[in-house]
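Report on one structure; see the data block that follows.
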Amino acid sequence: MMAQKDVRTGFIGLGSQGGAMARRMVEEGYPLTLWARRKESLTPYHDTAATYVDTVEEMGELADHIGICVVDDAGVRDVAERLIPSMRPGSRLVIHSTIHPDTCVDIARTAAERDILLVDAPVSGGGQGAASRTLTVMMGGTKEAIAAVRPVLETFSGLMVHIGDVGAGQLAKLVNNSLMAAHVALGYEALAIGTAIGLDRPALTELIKVSSGRSFGFDVAARLSAPSEFAHGAKLLAKDVRLLREVLGDREAFSLLGATSEPFLMEAIALSH
44 MMAQKDVRTG FIGLGSQGGA MARRMVEEGY PLTLWARRKE SLTPYHDTAA TYVDTVEEMG
104 ELADHIGICV VDDAGVRDVA ERLIPSMRPG SRLVIHSTIH PDTCVDIART AAERDILLVD
164 APVSGGGQGA ASRTLTVMMG GTKEAIAAVR PVLETFSGLM VHIGDVGAGQ LAKLVNNSLM
224 AAHVALGYEA LAIGTAIGLD RPALTELIKV SSGRSFGFDV AARLSAPSEF AHGAKLLAKD
284 VRLLREVLGD REAFSLLGAT SEPFLMEAIA LSH
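In structure tokens:
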């Protein structure tokens, strides 16, 4: 058992991604407080040293460092509006959710009025990456804020990149996920083309996986027999592609990325119903 750290941490958003991150924090010895809308979400942590609170406000009073990993902008705003008034000056709020950069900027402005440091730090690598301490963390914030949160984030990360001011982490995540979506779409189409011209799909898949056309997105596409099998992932990626479109507007740079990914994502979602 590792020695307990001095920083009191909290976490909200215990899904497959956030839950694994929270578990790494407590396993590394950080005092951890959890809150969840559904009490059954806390059950997996009964075998840890984590403690629980009944309200978001209680967590704000207790913790020095709080991570948020809820699904969308509305959820992050709701949690932040309840947390910030109860947080102490000098404490840190870290947004791991993938949301619009402007949402993070707005919340950071409110947090700064109470001398609370905010970092937007979306991640890539999934729950498995958190468990194996290999997540990539894309961080936006001041140098002071990044230095303050880095030790806690090290419990689940393999690579942490400070990419700019608040909101920059979200921008990087949206670009990354939009590229991922395009890779899945192109990979699926490439295999369909190969089959149409008479190539053996398993053989083509095998050779691409060790050749220059390989990508993580292709690996995902290779497992699909139909777009509908990617419905869950498509819904999440479609949200991120939409957010990047909102940020970039009609810029030509997005038109190609969107045109590549969006038809496949929409088909995957539509066929799942």
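Each number in the working numbering corresponds to the 1-based position in the sequence shown with 43 added.
For glycine and all other residues, C-beta sits at the position ideal for the given N, C-alpha and C.
| Item | Value |
| --- | --- |
| Over what stretch of residues does the alpha helix (DSSP H) that includes Phe297 continue unbroken? | 295-314 |
| How about the segment 146-159 and the segment 205-219: do they share at least three Cβ pairs that are nearer than 8 Å? | yes |
| So is His316 buried or exposed if we call it buried at 16+ other beta carbons inside 10 Å? | exposed |
| By a C-beta neighbour count over all protein chains shown, 10 Å radius and 16 as the cutoff for buried, is Thr52 buried or exposed? | buried |
| Starting from the C-beta of Met130, find all residues in its chain whose C-beta is less than 6 Å away, skip the five residues before and the five after it, and write them out in chain order. | Gly103, Ile159 |
| Should Met309 be labelled buried (16 or more other beta-carbon atoms within 10 Å of its own) or exposed? | exposed |
| So, is Ser304 buried or exposed, given that buried needs 16 or more other C-beta atoms within 10 angstroms? | buried |
| If distances are taken between C-alpha atoms only, which option among Phe261, Pro194, Ala63 comes closest to Leu222? | Phe261 |
| In the DSSP assignment, find the beta strand (DSSP E) that holds Phe54 and state where it starts and stops. | 52-55 |
| Out of Pro74, Pro306, Val284, state which residue places its alpha-carbon closest to the alpha-carbon of Ala296. | Val284 |
| What does a CB cutoff of less than 8 Å around Phe307 pick up in its chain, not counting 5 residues either side in sequence? | Ala224, Val227, Ala228, Tyr231, Glu232, Pro270, Ala277 |
| Which same chain residues, not among the five before or five after Leu85, have their C-beta less than 7 Å away from its C-beta? | Leu77, Ala79, Tyr95 |
| In the DSSP assignment, find the beta strand (DSSP E) that holds Val204 and state where it starts and stops. | 200-207 |
| Straight-line CA distance for Pro165 to Ala92? | 25 Å |
| I believe Ile142 touches Val162 by the beta-carbon criterion, under 8 Å. Please report the beta-carbon distance rounded to the nearest angstrom. | About 14 Å separates the two Cβ atoms, so there is no contact after all. |
| Just how far apart, CA to CA, sit Met181 and Lys48? | 24 Å |
| Could you tell me the alpha carbon to alpha carbon distance between Leu242 and Val204, rounded to whole angstroms? | 41 Å |
| Please work out which residues of its chain come closer than 6 Å, Cβ to Cβ, to Gly110, disregarding the five sequence neighbours upstream and downstream, and give them in chain order. | Phe54, Val137, His139 |
| Output needed for Met44: all residues of its chain with C-beta closer than 6 Å, excluding positions within five of it in sequence on either side, in chain order. | Note that Met44 has pLDDT 37, beneath the 50 cutoff, so the model's placement of it is unreliable and the number below is only indicative. Excluding residues within five positions, none has a Cβ falling inside 6 Å. |
| Can you give me the Cβ contacts of His108 inside the same chain, cut-off strictly under 6 Å, excluding the 5 residues immediately before and after it? | Val50, Thr52, Arg135, Val195 |
| From the DSSP output, in three-state form, read off Gly241 for me. | coil |
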